[in-house]
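2 protein chains.
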Amino acid sequence: MLTSIATVSLSGSLTEKLTAASRAGFDGVEIFENDLLASPLAPEEIRARCADLGLTIDLYQPMRDIEAVPEEEFGRNLRRARHKFELMRRLGTDTVLVCSSVSPLAVDDDDLAARQLSQLADLAQDFGIRVAYEALAWGRHVSTYDHAWRIVETADHPALGACLDSFHILSRGSDPKGIEDIPGEKIFYLQLADAPLLAMDVLQWSRHYRCFPGQGGFDIAGLVRHVLRTGYSGPLSLEVFNDVFRQAEAGPTAVDAHRSLLVLQEAVGLAELPAPVVPTGVAFAELVTPDAEPVSAVLAALGFARSARHRSKPVYLWQAGEARVLVNTGPAARRDGTGLAAIGLESPDPAGAARRAEALLAPVLPRRRASEDALLDAVAAPDGTELFFCATDRPQLANWRADFEDVPHAAPDTGVTRIDHLALVQPWHHFDEATLFHRSVLGLAAQESVDVADPYGLLRSRAVTDADGSVRIALSVGAAPADDTVHAQHIALAAGDVVAVARRFRAAGGLLLPMPANYYDDLAARFEFEEGELDMYRELGILYDRDAYGEFRHCYTRTVGRVFFELVQRDGGYRGYGAQNAPVRLAAQHAARRLTGG
Amino acid sequence: MLTSIATVSLSGSLTEKLTAASRAGFDGVEIFENDLLASPLAPEEIRARCADLGLTIDLYQPMRDIEAVPEEEFGRNLRRARHKFELMRRLGTDTVLVCSSVSPLAVDDDDLAARQLSQLADLAQDFGIRVAYEALAWGRHVSTYDHAWRIVETADHPALGACLDSFHILSRGSDPKGIEDIPGEKIFYLQLADAPLLAMDVLQWSRHYRCFPGQGGFDIAGLVRHVLRTGYSGPLSLEVFNDVFRQAEAGPTAVDAHRSLLVLQEAVGLAELPAPVVPTGVAFAELVTPDAEPVSAVLAALGFARSARHRSKPVYLWQAGEARVLVNTGPAARRDGTGLAAIGLESPDPAGAARRAEALLAPVLPRRRASEDALLDAVAAPDGTELFFCATDRPQLANWRADFEDVPHAAPDTGVTRIDHLALVQPWHHFDEATLFHRSVLGLAAQESVDVADPYGLLRSRAVTDADGSVRIALSVGAAPADDTVHAQHIALAAGDVVAVARRFRAAGGLLLPMPANYYDDLAARFEFEEGELDMYRELGILYDRDAYGEFRHCYTRTVGRVFFELVQRDGGYRGYGAQNAPVRLAAQHAARRLTGG
Chain A
1 MLTSIATVSL
11 SGSLTEKLTA
21 ASRAGFDGVE
31 IFENDLLASP
41 LAPEEIRARC
51 ADLGLTIDLY
61 QPMRDIEAVP
71 EEEFGRNLRR
81 ARHKFELMRR
91 LGTDTVLVCS
101 SVSPLAVDDD
111 DLAARQLSQL
121 ADLAQDFGIR
131 VAYEALAWGR
141 HVSTYDHAWR
151 IVETADHPAL
161 GACLDSFHIL
171 SRGSDPKGIE
181 DIPGEKIFYL
191 QLADAPLLAM
201 DVLQWSRHYR
211 CFPGQGGFDI
221 AGLVRHVLRT
231 GYSGPLSLEV
241 FNDVFRQAEA
251 GPTAVDAHRS
261 LLVLQEAVGL
271 AELPAPVVPT
281 GVAFAELVTP
291 DAEPVSAVLA
301 ALGFARSARH
311 RSKPVYLWQA
321 GEARVLVNTG
331 PAARRDGTGL
341 AAIGLESPDP
351 AGAARRAEAL
361 LAPVLPRRRA
371 SEDALLDAVA
381 APDGTELFFC
391 ATDRPQLANW
401 RADFEDVPHA
411 APDTGVTRID
421 HLALVQPWHH
431 FDEATLFHRS
441 VLGLAAQESV
451 DVADPYGLLR
461 SRAVTDADGS
471 VRIALSVGAA
481 PADDTVHAQH
491 IALAAGDVVA
501 VARRFRAAGG
511 LLLPMPANYY
521 DDLAARFEFE
531 EGELDMYREL
541 GILYDRDAYG
551 EFRHCYTRTV
561 GRVFFELVQR
571 DGGYRGYGAQ
581 NAPVRLAAQH
591 AARRLTGG
Chain B
1 MLTSIATVSL
11 SGSLTEKLTA
21 ASRAGFDGVE
31 IFENDLLASP
41 LAPEEIRARC
51 ADLGLTIDLY
61 QPMRDIEAVP
71 EEEFGRNLRR
81 ARHKFELMRR
91 LGTDTVLVCS
101 SVSPLAVDDD
111 DLAARQLSQL
121 ADLAQDFGIR
131 VAYEALAWGR
141 HVSTYDHAWR
151 IVETADHPAL
161 GACLDSFHIL
171 SRGSDPKGIE
181 DIPGEKIFYL
191 QLADAPLLAM
201 DVLQWSRHYR
211 CFPGQGGFDI
221 AGLVRHVLRT
231 GYSGPLSLEV
241 FNDVFRQAEA
251 GPTAVDAHRS
261 LLVLQEAVGL
271 AELPAPVVPT
281 GVAFAELVTP
291 DAEPVSAVLA
301 ALGFARSARH
311 RSKPVYLWQA
321 GEARVLVNTG
331 PAARRDGTGL
341 AAIGLESPDP
351 AGAARRAEAL
361 LAPVLPRRRA
371 SEDALLDAVA
381 APDGTELFFC
391 ATDRPQLANW
401 RADFEDVPHA
411 APDTGVTRID
421 HLALVQPWHH
431 FDEATLFHRS
441 VLGLAAQESV
451 DVADPYGLLR
461 SRAVTDADGS
471 VRIALSVGAA
481 PADDTVHAQH
491 IALAAGDVVA
501 VARRFRAAGG
511 LLLPMPANYY
521 DDLAARFEFE
531 EGELDMYREL
541 GILYDRDAYG
551 EFRHCYTRTV
561 GRVFFELVQR
571 DGGYRGYGAQ
581 NAPVRLAAQH
591 AARRLTGG
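Chains as they are written, first to last, in UniProt numbering: chain A, 1 to 598; chain B, 1 to 598.
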């Protein structure tokens, strides 16, 4: 089906909005009146711009407070409508959205509403225009879609139909099944928006918290299925009012938006995308650094061995158990220090995984870095992290490991067994996008979002995982747009015995993040420990948590550049990430930064 | 009465929080458990730090999920409590907050709750500690203050009393009058928080949107009056969970917080402050600039005459009608261009106005700038703008005008009559503080807050005015913390005939901000104008609005540095500021910036 987006969903000037919508692959746009009013482009120029960009103008919106008013007022409304219809002719669009009145002048009289909407449709017809009537969830007398449809049905005018908006329908708790009672040709337009399930005033909810399908709590796919059963054949159009998207760059927001419609179309059987290929493990994490020494020292102290080097590039492979860390001092290294640049994901079908990612608008990265390298499938995540789809040690498939040749090394320590999870700080404006990306592109499941109190603001954190926890990625975002400098990314390493690995690390000269004594007094109050156990944790800076499934012990290295390591020991099926302890850890990191002036 | 603040209300490390609370003038603090856990200071060190800072520790909080649970669980809870009581002894505090249980283990049995709370109080008493029991608005079985009080009454234990929290009481819509049924000596603690009136889930509302008394919609003074009638003599303590304050610097937040308690104490008759002295007009606006030429050219084109110069400093007075603008090229001028630095407010009692400001924690500025200058009373607003309390041309009172000597000049044009309003962009974290400051310090009334869509994010705007509109200040704040570079401050000049002044300005070479043609087409649809009227507006870039009281016509100069001028014509008692037109104006300013690369 054709896809469209309301210009109000994107930031910037009208030209910026149109360009972003076109680049992201939308077929059309809804022109939001305020965007047109503020634009220096004449309607004819907007029409030409859209045509150049391959965009149709599917809707002009909104026309407000038209119907069920005293005759004199309605006369003024018709005058206003005539001006708008002339404008629409210049724009070259043939459908106008009329939303149910919120005017104090409006009366509760469906017959009057139907009669006046019919008169409006008469006028519209003269201009070749169709009127799509929509119930605002906070409309004065008409606030549900079935009520709006009854009025449209009463009016029985060929140029008058219904506009359905998933937010207005689902936020009121209306049953969308009744949509099937509307003939498809009388549904003139379909607007889609999701929203988090908030118990709040519906007008505020609508104006500030809408999001793209799949990012909130509504069953948008279910609603669309009802609409499709009517025979509706117009576009699927997004209309999202969101405070964050208003600030974000229009380009990435439009990509995020279009991806949401692709996933939605797949869900309702309108589009066939390459099937998701869920990763089965973490092949490697790649750090880039202008100076390999500090991070190499940390890895060595953690028991990693420098086991191989890349055949053509300044990249070393460090390994401990099944945990592999690449340290790259090549040109990608940023001046501002060590950072996590790429993740290798073990994939049952790397090419298939890449095809799905590409179909879902992820930028595909060059398949090889040098001519002699293995052909690797890789894409960029929204935060810029490169995701490599790997087939380690599987004959017939390109193997990243083949690009490395072994170097002499001592056997690694056996303490660290694998990468438990990767923690990625997301750009502030793109947190919802990141979750949808990891769910839809990688086929991972998202856990609940949690708030974490940092001393200088509230963070949000949300993990995405596969079914058995082989791949775990913790996405987080700071309290404010400017706030991604403080919070480094990190690599969490699994250990069967975190105490042993921590001791070894310290004995090898590694610095663990010290935790405050008060924290351990609190642990003593909350839990009972074996004799001496808590002293051991206190000495090493090990944090402790427990959930319904098991126990979690974890500790942290000092930060190197923009990255640090966590050592974690999961016992008995613990599912979390120690969020309960995160405020203490964050405060300790701030304190450590102050000490080192970092 | 003594004042206190919960450490959770302020950002930073515990040390930063304590320092900020002390500097702002609080008598004591509530130690929030998580702040203690994350602190490297031992309880004895925290106690000593507080003593050094002149702070008492009035409360330790919170203790959760204690009561109405099976015996075995309650045994564990008592064990946990014993640990905390030991900690409190080290801290040197004698009151603990126990909030009503949210545990799934808790049962709906008031007698059990009373019995277990009584046992807890027995244990507390051994440590010389009192237990203050509070109903959380989302408590599992106990969610109202009167219910919590019935349980305390049943327990009838000398070491068990009630804690009242204005948020929990007022957010549930409970009638606070019933507080008077509680004996004052059984109210062990009083926590105060205001909140905007949002229809949303009470837990989310409480955790993210609380604010200081007078900044929200609750009648905190009314509640406090009820509490005082009981004979309560403990501290007035603030406990505010707020996403913005979590990010803001602790110092200004603590000042804002303490000011709110001073205003509250005045309202309930607990404190006598110097009476508010409402300003009666704007004496001048002062611009500082490293280069006076560009802004002087704009003023000249607006019809201002450079009528006087300061006797000792590089400051010129420009005047048109009763509008006076000082242009200062002295050392205060910032490199980054012209900005609005000070406002002179006509005051019936300048010294009294300054005394009130000082009592409400406004920094008092040096009373004279040079030895020969008039003694002027001045304070700094939260955004750094200097406010001078002036007595222009009133014998016996210091007159700022006396510091200026006339210079030869042509008669100014008569178009501009006065300063209509000043628009000040506020630092993101201190918008609520600014409103409370202008209301409480200057005695101005705040209008409703409005959202304004900028192309790159949503702004909030709120005006403060005196009763007859002689002094109007429009406060606004950007969409995000980093976002105060785009939005310049502005001086709005009143004109009897905005068209004439705009024409004169243009004829003199001034550049008006051009407005898009689409805007005028929309005006034509919405209103009927005299023949030619709209063309005139279109030609000059004049915007139009209408409210229930009258009409508003306004236009804008180009921005000079960080300031621009607006010309406004109010007719028939129009009360607003053209907020309806603000999105169009903001888009036009962004477009102009792009053109000039500014």
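Every residue gets a Cβ at the ideal spot worked out from N, C-alpha and C, and that includes glycine.
None of the values given here were measured: they were computed from a predicted structure.
Grab me the residues of residue i's own chain with a C-beta within less than 6 Å of its C-beta, minus the 5 sequence neighbours each way, in chain order.
i: A:D65; result: S101 and S103
i: B:G576; result: D547
i: B:L2; result: D27 and P235
i: A:T485; result: Low confidence applies to A:T485: its pLDDT is 49, below 50, so where it sits in the model is not reliable, and the reading given next is rough at best. Correct list: empty, nothing qualifies.
i: A:V98; result: M63, I66, V131 and Y133
i: A:A24; result: A254, V255 and H258
i: B:V464; result: H438, L444, A446 and I473
For residue i, return the contacting residues in chain A, with the cut-off set at a CB-CB distance below 8 Å.
i: B:L198; result: M200, D201 and Q204
i: B:R80; result: A525 and R526
Nearest by alpha-carbon distance to residue i: which of the options is it?
i: B:H141; options: B:A113, B:I129 and B:V131; result: B:A113
i: B:F150; options: B:A137, B:A159, B:F552 and B:Y133; result: Sequence check: residue 150 of chain B is Arg here, not Phe. The shortest Cα separation from B:R150 among B:A137, B:A159, B:F552 and B:Y133 belongs to B:Y133.
i: A:L273; options: A:E239, A:L238, A:A357 and A:G339; result: A:A357
i: A:Y232; options: A:A582, A:Y456, A:A162 and A:H157; result: A:A162
i: B:L512; options: B:E528, B:G478 and B:F564; result: B:F564
i: A:V255; options: A:F388, A:A195 and A:L18; result: A:L18
i: A:T145; options: A:T230, A:G216 and A:S174; result: According to the sequence displayed, residue 145 of chain A carries Tyr and not Thr. Among A:T230, A:G216 and A:S174, the Cα nearest to that of A:Y145 is on A:S174.
i: A:D94; options: A:L170, A:A271, A:D468 and A:I57; result: A:I57
i: A:L87; options: A:A517, A:F527, A:A124 and A:A195; result: A:A124
i: B:D291; options: B:L136, B:G330 and B:A300; result: B:G330
Tell me whether residue i sits in a helix, a strand or coil according to DSSP, three-state version.
i: B:P62; result: strand
i: B:V152; result: helix
i: B:E528; result: coil
i: A:A248; result: coil
i: B:V227; result: helix
i: A:N399; result: coil
i: B:I182; result: coil
i: B:V202; result: helix
i: B:L586; result: helix
i: A:G352; result: helix
Counting only Cβ pairs nearer than 8 Å, list the residues of chain B close to residue i.
i: A:D243; result: G457, L458 and A479
i: A:V499; result: Residues of chain B passing the Cβ test: none, with the nearest at roughly 22 Å.
Taking residue i as the query, report the chain B residues whose CB atoms sit under 9 Å from its CB, ordered along the chain.
i: A:Y549; result: Under the 9 Å cutoff, chain B gives no residues; its nearest Cβ is about 17 Å from A:Y549.
i: A:L87; result: N518, D521, D522 and A525
i: A:H83; result: D521, D522, A524, A525 and R526
Leaving out five residues before and five after residue i in sequence, what residues of the same chain have Cβ atoms less than 8 Å from its Cβ?
i: A:P363; result: V379 and A380
i: A:L360; result: R259, L262, V263, L273, F437, S440 and V441
i: B:L397; result: P350 and A391
Once the 5 residues before and after residue i are set aside, which same chain residues still bring their CB inside 7 Å of it?
i: A:Y574; result: D547, Y549, G550, E551 and F552
i: B:R558; result: L511, L513, F564 and A592
List the residues of chain A that residue i touches, going by C-beta distances under 9 Å, in chain order.
i: B:V584; result: N34, L37 and A38
i: B:H421; result: The premise fails here: B:H421 is roughly 23 Å from chain A at the closest Cβ pair, so nothing lies under 9 Å.
i: B:R246; result: A453, D454, P455, Y456, G457, L458 and A479
Cβ closer than 7 Å: which chain C residues qualify as neighbours of residue i?
i: B:G12; result: The structure shown contains no chain C; its protein chains are A and B.
Validate contact between the segment 378-385 of chain B and the segment 426-435 of chain B using beta carbons, cut 8 Å, 3 pairs: Touching, yes, given that three or more Cβ pairs across the two stretches are closer than 8 Å.
Touching by the beta-carbon criterion (3+ pairs, under 8 Å), the segment 410-422 of chain A and the segment 488-496 of chain A: With a cut-off of 8 Å on Cβ pairs, the segment 410-422 of chain A is in contact with the segment 488-496 of chain A, counting three or more such pairs.
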